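Q: In order, the protein sequences belong to chains A and F. So for the first sequence, the numbering used here puts the first residue at 68; every next one is plus one. So for the second sequence, the numbering used here puts the first residue at 68; every next one is plus one. Please see the structure below; I have some questions.
There are 2 protein chains.
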Amino acid sequence: VKTTLFSDKKAVTISTDGPFTVVGEKINPTGRQKMAAALESGDFDYIRELAVRQVQAGADVLDVNVGVPGLDEPALMAQVVGLLRACVDIPLCLDSPSPVALEAGLAAAPGKPLVNSVSGEEKRLETLLPLVKERGAVVIGLLMDDEGIPATPEARVAVAEKILKRATRVGIPPEDVIIDPLAMSVGADSQAGLVTLRTIQLIHERLGVNINLGASNASFGLPDRAAVNTAFMVLAMFAGLTCAITDPAKLTSIIRAADLLLGRDEYARRYIGHFRQRQKGPAVVVKDLA
Amino acid sequence: VKTTLFSDKKAVTISTDGPFTVVGEKINPTGRQKMAAALESGDFDYIRELAVRQVQAGADVLDVNVGVPGLDEPALMAQVVGLLRACVDIPLCLDSPSPVALEAGLAAAPGKPLVNSVSGEEKRLETLLPLVKERGAVVIGLLMDDEGIPATPEARVAVAEKILKRATRVGIPPEDVIIDPLAMSVGADSQAGLVTLRTIQLIHERLGVNINLGASNASFGLPDRAAVNTAFMVLAMFAGLTCAITDPAKLTSIIRAADLLLGRDEYARRYIGHFRQRQKGPAVVVKDLA
């Protein structure tokens with residue numbers, strides 16, 4: 068299956084045949100004080116810089132989350148989407164728990180954006196799927212529902228089936244739904260990684276859709292989180308993961324290496340291209356970084 | 068399947084249920100001028116230091132290769148095995164293309180060592196299997212034969228079956244044979260990684276034996292080899308690899324992280340233990356490091 072996102076001029080295809088798609092996670096104030104402060108003070112240069120740096124580091128898509136308590140999230144979402152559109156020409160992933168903020172982002176975003184996210188929760192399905200359909204966007208579906216996060220891979224796959232069914236009912240094609248199986252901390256439960264990996268395998272085999280992960284939860288509460296995040300990314304890619312919301316500066320090299328080893332990078336072109344790009348630094352189209 | 072190696076006092080079990088076993092690769096002069104010079108000049112302090120450092124970094128077993136053109140390999144093998152026996156109490160992996168050197172190592176090694184290696188080549192099977200049987204050792208079987216390295220996973224598995232059959236015939240039980248599927252460079256052939264991974268999966272499913280890899284060949288000729296070696300280790304572990312001859316200082320952290328994510332490390336005990344060991348440095352039993 069191929070899912071194609073668009074910015075103003077650029078198409079990015081997420082494919083179950085690879086290569087892997089990197090969604091840059093850094094434009095998100097959750098747990099990032101400097102980003103929260105930038106949003107509060109309106110320091111948009113910092114946001115532009117983060118955007119450009121992520122693209123240089125290998126991001127194919129940029130996640131945009133502007134949720135800071137007390138700020139007007141819909142207005143800020145539209146504003147930040149607008150400034151990103153002006154400085155990097157790659158598709159955006161609009162990230163918010165608020166349907167109103169997502170609606171504002173969808174109106175401001177170029178091309179065909181990604182919406183992060185619906186889940187199996189009734190209220191989100193009812194509110195968001197029609198918005199996604201109307202805008203012709205792509206949506207991420209998290210594998211949790213009104214009962215919480217199912218404990219077993221089988222039960223998580225049932226939520227995926229529910230989300231796909233409800234999307235189809237409003238006219239969203241299956242390739243425009245990307246399933247996110249959710250990663251829990253292996254620090255809290257040593258079987259948590261395996262549950263997510265098996266869920267990915269089952270979704271890959273049975274549903275064949277693209278699969279996303281916000282891959283840094285797995286290491287929560289553990290020392291040397293980079294080792295756990297790196298290993299988890301590679302394991303998940305082998306299981307069937309096709310994109311991830313992650314830090315491109317930390318994980319693009321290992322992702323390109325895994326693609327190469329999985330036979331998805333002829334003549335190691337992308338791997339070597341990424342290595343050279345890292346060596347020489349800035350080489351990205353910046354439209355409006357004044 | 069469980070394969071148990073012994074030093075003088077310590078048992079190390081390589082198991083298809085994990086956790087993963089690390090064989091330290093550094094005592095080997097191939098491509099390491101300092102090691103070659105140490106062997107030529109008889110600078111055994113350097114070898115002791117390498118041994119202790121590898122154990123501290125997480126090695127469960129130590130590979131011993133002393134092949135330097137012009138030196139008396141069997142005598143040197145016996146000597147180095149003796150000094151390692153006196154300074155680190157972990158099982159050894161005797162590594163040589165020379166049956167005479169392996170025989171000398173087997174006579175000097177404590178407990179139940181690992182022999183690296185036989186292959187499907189007739190001459191090696193005939194010469195080495197009886198030595199392994201007589202000494203009660205464990206042997207690594209490389210998936211190549213008199214025709215070379217087979218191109219397909221199926222053909223490599225056929226070599227594994229041949230090696231296991233021949234071992235059984237001389238009285239070596241299947242758990243005392245560890246299969247090495249061989250890794251070729253993905254720089255030269257972008258499908259090479261996938262062939263090795265599929266071979267590991269097939270051996271794991273059909274033969275159920277322990278599987279080893281000298282994991283740094285995959286990255287030969289590529290830049291940033293650490294990224295490729297790291298990704299390959301994790302992919303191979305997911306496919307069914309149970310031990311590897313590798314650099315413990317570089318790969319133990321990611322190996323422990325992968326074990327944790329694969330549900331083989333309850334309460335993250337080994338992962339956190341390794342992290343603490345790395346933080347505090349030396350804490351190893353050194354019997355004779357004067």
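Cβ atoms here follow ideal geometry from the backbone N, Cα and C, with glycine treated the same way. Since we're looking at a predicted model, the values are computed, not measured.
DSSP three-state call for A/Thr235: helix, strand or coil?
A: In the three-state scheme derived from DSSP, where H, G and I count as helix and E and B as strand, A/Thr235 is classed as helix.
Q: Taking Cβ to Cβ, would you say A/Gly358 is nearer than 8 Å to A/Ile230?
A: The shown model of chain A, from 68 to 357, leaves out residue 358 of chain A, and the question about it has no answer.
Q: DSSP beta-bridge partners for F/Ile278?
A: F/Ile246
Q: Roughly how far, in whole angstroms, is the beta-carbon of A/Ile267 from the beta-carbon of A/Ala306, given that I think they are within contact range, below 8 Å?
A: By a beta-carbon distance limit of 8 Å, A/Ile267 contacts A/Ala306. Their separation comes to about 4 Å.
Q: The alpha helix (DSSP H) spanning F/Lys101 covers which residue range?
A: Gln100 to Ser108
Q: Taking 7 Å as the limit between beta carbons, can you name the residues of its chain near A/Leu117, skipping five residues before and five after?
A: Lys93 and Ile94.
Q: What do you get for F/Gly340, buried or exposed, if any count of 16 or more other CB atoms within 10 angstroms of its CB means buried?
A: exposed
Q: Distance check for F/Ala294 and F/Leu328, CA to CA, integer angstroms please.
A: 19 Å
Q: For F/Ala153, write down the residues that DSSP places opposite it in a beta bridge.
A: F/Ala153 is not bridged to any residue.
Q: At a CB distance below 7 Å, what residues from the region 286-306 of chain F approach chain A? Give them in sequence order.
A: Leu289, Pro290, Asp291, Ala294, Val295, Thr297, Ala298, Phe299, Val301, Leu302 and Phe305
Q: If you measure beta-carbon to beta-carbon, which residues of the region 229-262 of chain A are closer than 8 Å to chain F?
A: Val253, Gly254, Ser257, Gln258, Gly260 and Leu261
Q: Please give the ranges of any alpha helix (DSSP H) in the region 138-211 of chain F, keeping only runs that are unbroken, at least 4 residues long and fully inside the region.
A: As far as the region 138-211 of chain F is concerned, its whole alpha helix (DSSP H) runs of at least 4 residues are 140-154, 166-175 and 189-202.
Q: Within its chain, find whatever has a CB closer than 8 Å to the CB of F/Ile157; leave out the 5 residues flanking it on each side and keep chain order.
A: Hits under 8 Å: Ser74, Lys77, Val79, Val122, Ala126, Asp127, Val128 and Leu129.
Q: Considering only the alpha carbon of each residue, which of F/Leu195, F/Gly98 and F/Pro180 lies closest to F/Gly187?
A: Here the closest residue by C-alpha is F/Leu195.
Q: Look up A/Lys69 in the DSSP assignment and say whether it is helix, strand or coil.
A: strand
Q: Locate the beta strand (DSSP E) running through F/Thr88, then write down its first and last residues.
A: Thr88 to Gly91
Q: Identify the contact partners of A/Asp332 in chain F, using a Cβ-Cβ distance below 7 Å as the criterion.
A: For A/Asp332, the chain F residues whose C-beta falls within less than 7 Å of its own C-beta are Ser257, listed in chain order.
Q: Looking at the structure shown, is A/Ser82 part of a helix, part of a strand, or coil, going by DSSP?
A: In this structure, A/Ser82 counts as strand in the three-state DSSP scheme.
Q: How is the beta strand (DSSP E) around F/Asp130 delimited, first residue to last?
A: Start and end: Val128 to Val131.
Q: Who are A/Ile94's beta bridge partners in DSSP?
A: Its beta-bridge partners do not exist; DSSP assigns none.
Q: What do you reckon, are the CB atoms on F/Asp332 and F/Pro86 nearer than 8 Å?
A: yes
Q: Under 8 Å, Cβ to Cβ, is there at least one residue of chain F near A/Ile321?
A: yes
Q: Going along the chain, which residues of its own chain have a beta-carbon closer than 7 Å to the beta-carbon of A/Val244, five neighbours each way excluded?
A: Val206, Gly208, Ile230, Leu231, Ala234 and Val276
Q: When DSSP labels each residue in this structure, what does A/Ala218 get in the three-state scheme?
A: coil
Q: Apart from the five residues on each side of it in sequence, which residues of its chain come closer than 6 Å, Cβ to Cβ, to A/Asn132?
A: Asn95 and Asp162
Q: Taking 8 Å as the threshold (beta carbon to beta carbon), is A/Ile339 in contact with chain F?
A: With its beta carbon less than 8 Å from one in chain F, A/Ile339 belongs to the interface.
Q: Quick one: is the Cβ of A/Lys232 within less than 7 Å of any heavy atom of the ligand FMN?
A: This structure does not include the ligand FMN; it has no bound ligands of any sort.
Q: Run through chain A and tell me which residues come within less than 8 Å of F/Leu209, C-beta to C-beta.
A: Taking a Cβ-Cβ cut-off of 8 Å, F/Leu209 has no neighbours in chain A, whose nearest Cβ is about 20 Å from it.
Q: Tell me, please, which residues DSSP counts as bridged to F/Thr313.
A: F/Gly91
Q: Chain A partners of F/Leu308, CB-CB under 9 Å?
A: Per Cβ cutoff of 9 Å: no residues; F/Leu308 is ~12 Å from chain A at best.
Q: Taking the alpha-carbon positions, what's the A/Ile304 to F/Val89 distance?
A: Per the sequence shown, residue 304 of chain A should be read as Met rather than Ile. Each residue's alpha carbon lies about 23 Å from the other.
Q: Give the interface partners of A/Ala325 over in chain F, defined as CB-CB distance under 7 Å, in chain order.
A: Ala298 and Leu302
Q: Which same chain residues end up closer than 7 Å to A/Glu189 when comparing Cβ atoms and leaving out the 5 residues on each side of it in sequence?
A: Around A/Glu189: Asp213.
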